[in-house]
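First up is the structure itself, then whatever we jot down about it.
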Amino acid sequence: MRKGQNPAKFVGQVARPERITAAVLSYAPSLHGYHAETLGVLAACLESLRAHADVPFDLLVFDNGSCEEVQHYLLDQQRQGAIQYLLLSERNLGKGGAWNAIFQAAPGEVLAYTDCDALFYPCWLRDSLAILETYPAVGMVTSRPFRTPPDFMTGTLAWAEAERGATVERGSFIPWETFREFDMSLGQEELQVRQRYEATEDIRLTYRGVQAMVGASHWQFVGWTSVLRLFVPFQMDRPMGQVRQLDQRVNAAGLLRLMTIEPRVMNLSNSLAAVPAAGAVRASAPRLSFGRRLLRLAPVRRVLLGIYDRVFRWYYAD
1 MRKGQNPAKF
11 VGQVARPERI
21 TAAVLSYAPS
31 LHGYHAETLG
41 VLAACLESLR
51 AHADVPFDLL
61 VFDNGSCEEV
71 QHYLLDQQRQ
81 GAIQYLLLSE
91 RNLGKGGAWN
101 AIFQAAPGEV
111 LAYTDCDALF
121 YPCWLRDSLA
131 ILETYPAVGM
141 VTSRPFRTPP
151 DFMTGTLAWA
161 EAERGATVER
171 GSFIPWETFR
181 EFDMSLGQEE
191 LQVRQRYEAT
201 EDIRLTYRGV
211 QAMVGASHWQ
221 FVGWTSVLRL
231 FVPFQMDRPM
241 GQVRQLDQRV
251 NAAGLLRLMT
261 IEPRVMNLSN
271 SLAAVPAAGA
281 VRASAPRLSF
291 GRRLLRLAPV
301 RRVLLGIYDR
311 VFRWYYAD
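Numbered continuously in our numbering, the sequence shown closes out at residue 318.
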């Protein structure tokens, strides 16, 4: 038999999610060898994402079976109020399995996804939203321009060439240093990068006064949550190597794959070498009111919950 009334019945309102959900996929099976700096890279990713997003959002982190140290860090971040939704997987489900969970779980109208090795610059979310909310039928917007495989551009180009209100320009619009910075972060040789830069071109669009580069990528993108859910479930039998399924599906559906004109995000890979000096990237956990901070103090919390427990027992104990 129930004792008393559930206190939740007397709560007048519940929290509402933000319009935007930023989702980070984390994975570090250990902190040795290749993954030695992974925890630092993850921290830089989360801190820069929060510090440089000038639009309100909730943060969702899906951890894909990381080691104990990484999961403890994420749990501590959630306790501090820096992560609103935290999903801890016992095993590595691969990126496809993680996307299946993230795309369905994100409560926001807009989903801003990133791998955990991205470093964000000011205006990354604002600039991406400007493209997402201006262009029609957008599938994904990546917050950095770089040259992506032409095979995944056909849907975007078909729209641009048929749309009278869109201007299409071809040429070399990405500065060499911006191009080099990204391709070198993928472990390529500079000579190879230079040859590709000289042999390929950029395609720039202008629509309703907003410019965007043609292309996008699965490692970081912003899109409508309802649209991204159209592409699940993903069936991938390897943790890596099949991630272009999303790029292929978005293109095949005729949805636009676009990038910001300016670089607003950088790939760190497994190294902190590109992270600014200490203090340049600041954590920006949500600022709580004085009253909320007071209630979170351990002594105050312990006393008040003790009083609540005693009152409950007075009324409902046998």
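From the three backbone atoms N, C-alpha and C, an ideal C-beta is built for every residue, glycine too.
To which residues does DSSP link residue i through a beta bridge?
i    : result
L86  : V61
M236 : In the DSSP output, where bridge partners are listed per residue, M236 has none listed.
M213 : R204 and M259
L39  : DSSP, once it has assigned bridges, lists no residue as partnering L39.
V14  : Paired residues: none, contrary to the question.
A118 : N267
What residue from the options has the CA that sits closest to residue i's CA?
i    : options                   : result
A98  : E69, V61, E133 and R310   : V61
A82  : F57, R144, A112 and E69   : F57
Y27  : L294, A298, M184 and A118 : A118
A36  : P7, V300 and V70          : V70
D63  : R91, D151 and Q80         : R91
L88  : E68, V214, Q80 and W176   : E68
D237 : L111, Q78 and G94         : G94
D115 : R302, V275, S217 and H72  : S217
For a test of the three-state rule: what should DSSP assign to residue i, helix, strand or coil?
i    : result
G306 : helix
P286 : Annotation note: pLDDT 43 at P286 (below 50); position unreliable, coordinate value reported separately. In the structure shown, P286 sits in coil (DSSP, three-state: anything other than H, G, I, E or B).
G96  : helix
V227 : helix
V55  : coil
V222 : strand
H32  : coil
V250 : helix
L272 : coil
E103 : Residue 103 is actually Phe in this sequence, not Glu. Residue state, collapsed to three classes: helix.
R147 : coil
E47  : helix
L297 : coil
R196 : helix
Kindly indicate the opening and closing residues of the alpha helix (DSSP H) around residue i.
i    : result
R244 : It is not in any alpha helix (DSSP H) - R244 carries neither H nor E in the DSSP assignment.
F179 : W176 to S185
A162 : T154 to A162
V138 : Unbroken run through V138 is the beta strand (DSSP E), V138 to T142; no alpha helix (DSSP H).
Q77  : E68 to R79
Can you tell me where the beta strand (DSSP E) holding residue i begins and where it ends?
i    : result
S26  : I20 to S26
N267 : V265 to N267
Y113 : V110 to D115
E169 : A166 to G171
T134 : Counting along the chain, T134 falls outside any beta strand (DSSP E), though it belongs to the alpha helix (DSSP H) covering W124 to T134.
Using the Cα positions of residue i and residue j, report the straight-line distance between them to the nearest angstrom.
i    : j    : result
S48  : W314 : 49 angstroms
L268 : W124 : 16 angstroms
L256 : A23  : 21 angstroms
L129 : P299 : 43 angstroms
P107 : P17  : 7 angstroms
Y113 : V311 : 45 angstroms
V41  : R164 : 44 angstroms
A15  : D183 : 42 angstroms
P7   : G306 : 15 angstroms
S66  : L46  : 16 angstroms
N251 : L39  : 34 angstroms
P149 : G215 : 8 angstroms
F231 : I174 : 30 angstroms
A283 : K3   : Only weak support is given to the placement of A283: the predicted model assigns it a pLDDT of 37, under 50, and the value that follows is read from those uncertain coordinates. Near 44 angstroms, if we compare the C-alpha coordinates of K3 and A283.
Q13  : R196 : 56 angstroms
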